[in-house]
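In the numbering used here, the protein residues as written are 29 to 443.
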């Protein structure tokens with residue numbers, strides 16, 4: 029399939045929405061662990077927020093995928109962002125009322141914003157030419173950088189504003205998250221026309237009218253999809269574990285919210301800013317080679333975090349920047365493998381299912397990170413993350429042995 033004329037408009041709308049959603053994503057991630065520690069009074073449970081909103085992200089990934097499958101990307105993404113906004117405002121209410129039960133419930137709902145922000149990357153590939161899919165995916169991801177970098181740097185102003193309004197200061201950033209997700213949903217609902225997934229299905233029916241429906245939906249768990257999902261699951265697990273505990277590690281060594289916000293801003297910049305380069309590398313050299321590079325980068329990030337002096341903000345920022353870069357390389361490589369292998373007829377449902385695994389991995393990393401740090405220390409967690417990153421290599425080796433799998437009907441490029 030060649031690139032459709034509507035692709036440029038689709039990317040422009042997705043970019044606008046992702047700029048907004050990036051602010052909502054980063055602000056909540058940065059202070060979630062700190063808010064939980066403050067309300068729960070326990071470092072060992074500081075990973076609970078990350079686990080909860082990532083589990084919520086898993087449920088939302090299924091819902092957004094199914095809504096998109098039935099009604100198109102516009103409906104699915106809009107519903108996801110509005111749900112994320114509701115969860116953000118729920119966290120604020122929980123902090124004001126000091127309700128742990130409401131906090132946990134709201135964090136689960138808040139996870140819908142995270143899931144939707146990631147699902148948007150698939151929408152960028154719906155109408156892209158096969159040889160340019162990775163760059164289309166990366167364009168959507170890089171747009172998140174603007175909001176994601178600005179968001180953490182607004183932590184202190186929003187915290188001060190919340191405190192002046194009688195709201196717990198750590199709940200202030202969730203007001204920003206709610207407003208950002210709400211605006212992102214409005215942008216998509218109003219402007220994402222024509223719907224890229226609906227249009228892609230129409231094009232597939234015209235170009236391959238004789239392909240039976242069962243063949244068009246038979247590739248749900250082909251080797252490229254399993255391998256791509258494995259790459260993203262490992263990168264998400266490692267990233268979530270180390271990232272979740274970094275603000276806690278910094279707070280225990282005397283750093284304030286502003287310093288933690290800066291480190292997380294560097295991390296999020298690493299997650300999204302290199303996207304265009306990563307996409308070009310995947311289109312030029314193939315997803316497998318870039319996935320190996322992701323594993324190498326994550327190993328380096330784990331070692332750098334473990335060895336960084338606790339009182340050095342620049343050293344921690346460098347380690348977290350590497351962590352974000354490894355995640356970016358793995359996500360774009362894995363997403364491209366899946367986008368190449370999924371036919372339009374079952375695309376959104378399959379992609380939503382894959383993202384469930386990614387979300388569960390993030391939840392496990394976030395929840396387990398607090399327990400591991402409580403039992404050992406932050407360097408021990410970082411060393412373990414570096415070791416786990418190496419699992420990407422056998423996943424890719426398995427994929428290369430299964431490359432005889434037939435290509436999907438509307439995605440002739442296998443990388």
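Here a beta-carbon is modelled for each residue, glycine too, at the ideal position from N, C-alpha and C.
**Asked** Could you check where the alpha helix (DSSP H) with residue 127 kicks off and where it finishes?
**Response** Counting from one through the chain shown, the residue named residue 127 turns up at place 99. Where residue 127 is concerned, there is no enclosing alpha helix (DSSP H), given that its DSSP letter is neither H nor E.
**Classification of residue 465 by the beta-carbon crowding that lies within 10 angstroms, buried from 16 upward** = Limits of the chain in this structure are 29 at one end and 443 at the other, which puts residue 465 out of reach.
**Message:** Buried or exposed for residue 145, going by 16 or more other Cβ atoms inside 10 Å?
**Reply:** What you label residue 145 is simply residue 117 of the chain shown in a count that begins at 1. Classification for residue 145: buried.
**Request:** Specify, as a first and last residue, the run of the alpha helix (DSSP H) that residue 186 falls within.
**Result:** Taking the first residue of the chain shown as 1, we reach residue 186 at position 158. Segment 183-192, the alpha helix (DSSP H) holding residue 186.
**Asked** Considering residue 280, what are the terminal residues of the alpha helix (DSSP H) in which it resides?
**Response** The count along the chain shown starts at 1 and reaches residue 280 at position 252. Start and end: 251-280.
**Message:** Please classify residue 337 as buried or exposed, where buried requires at least 16 other C-beta atoms within 10 Å of its C-beta.
**Reply:** Position 309 of the chain shown, counting from 1, holds the residue named residue 337. Under this definition residue 337 is an exposed residue.
**Asked** Excluding the five sequence neighbours on either side, which residues of its own chain have a C-beta within less than 6 Å of the C-beta of residue 270, listed in chain order?
**Response** Counting from one through the chain shown, the residue named residue 270 turns up at place 242. Taken in chain order, the residues that qualify are 333, 351, 410, 413.
**Message:** To the nearest angstrom, how far is the alpha carbon of residue 376 from that of residue 339?
**Reply:** Position 348 of the chain shown, counted from the first residue, corresponds to residue 376. Position 311 of the chain shown, counted from the first residue, corresponds to residue 339. Rounded to the nearest angstrom, the two C-alpha atoms are 45 Å apart.
**Asked** Taking the Cβ atom as the reference point for each residue, do residue 181 and residue 293 lie within a distance shorter than 8 Å?
**Response** Walking along the chain shown from the start, residue 181 turns up at place 153. Walking along the chain shown from the start, residue 293 turns up at place 265. Yes.
**Message:** In whole angstroms, give me the CA-to-CA distance for residue 186 and residue 175.
**Reply:** Stepping through the chain shown from its first residue, residue 186 is reached at position 158. Stepping through the chain shown from its first residue, residue 175 is reached at position 147. Taking the straight line joining both Cα atoms gives about 15 Å.
**Request:** Indicate the three-state DSSP secondary structure (helix, strand or coil) for residue 295 in the structure shown.
**Result:** By one-based count along the chain shown, residue 295 stands at place 267. Helix, per DSSP.
**Item:** Terminal residues of the alpha helix (DSSP H) in which residue 383 lies
**Value:** For the purposes of this step, residue 383 is taken as the residue at position 355 of the chain shown. 375-403 is the extent of the alpha helix (DSSP H) around residue 383.
**Prompt:** For residue 165, which of helix, strand or coil comes out of DSSP?
**Reply:** Here residue 165 refers to the residue found at position 137 when the chain shown is read from its first residue. DSSP places residue 165 in helix when its eight states are reduced to three.
**Item:** Beta-carbon spacing of residue 263, residue 310 below 8 Å
**Value:** Here residue 263 corresponds to residue number 235 of the chain shown, with the count starting at 1. Here residue 310 corresponds to residue number 282 of the chain shown, with the count starting at 1. No, Cβ-Cβ distance for residue 263 and residue 310 is not below 8 Å.
**Request:** Ignore the nearest five residues each way along the sequence and tell me which others in residue 173's own chain have a CB closer than 7 Å to its CB.
**Result:** Here residue 173 refers to the residue found at position 145 of the chain shown. The answer, listed in chain order, is 50, 297, 300, 301.
**Ordered list of alpha helix (DSSP H) runs contained in the stretch 69-108, each at least 4 residues** = 76-99
**the stretch 304-324 touching the stretch 395-402, judged by at least three CB pairs closer than 8 Å** = no
**Item:** the stretch 135-144 / the stretch 85-93 touching (three or more Cβ pairs under 8 Å)
**Value:** yes
**Asked** So what does DSSP say about residue 230, is it helix, strand or coil?
**Response** Reading the chain shown from its first residue, position 202 is the one you call residue 230. Helix at residue 230.
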